[in-house]
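Structure first, then comments.
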Amino acid sequence: MNLDQLAAFLADVTNEIDANNFMLDKNARTLNSTDASFILALYTEQSTSTEKGVAPREFWNKAMEGSPYVIND
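Each residue of the sequence shown is one higher than the last, beginning at 36 in our numbering.
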């Protein structure tokens with residue numbers, strides 16, 4: 036049960052960044068093709084890159100370029 040909640044939290048990549056986001060129940064989340072597309076874009080970027088030692092945030096930002104889901108410091 037707890038792993039289901041964790042998987043839903045990790046897969047819901049288009050949810051707003053919020054301090055209480057981790058507390059949302061799996062049933063309160065919307066997992067859709069947008070989430071899947073962003074996860075696939077990140078996986079593709081990481082698996083085809085020849086760069087070593089790159090932080091996951093850099094891969095994410097490169098994959099999400101032009102979208103509102105780029106992580107800014």
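In this text, a Cβ means the ideal position worked out from N, Cα and C, and glycines have one as well.
Check each candidate in the options and name the one with the smallest Cα separation from residue i.
i	options	result
N67	S84, K87, N56, T49	T49
D70	A46, T83, G88, Y78	A46
E100	L41, V89, A42, L77	L77
R64	S72, S84, L41, I74	L41
N62	A43, S82, V105, P91	A43
D108	L59, K97, R92	R92
F73	D39, L38, Y104	Y104
Measure the beta-carbon distance from residue i to residue j and round it to whole angstroms, keeping in mind my assumption that it falls under 8 Å.
i	j	result
F57	E80	At roughly 25 Å, the Cβ-Cβ gap does not stay under 8 Å, so F57 and E80 are not in contact.
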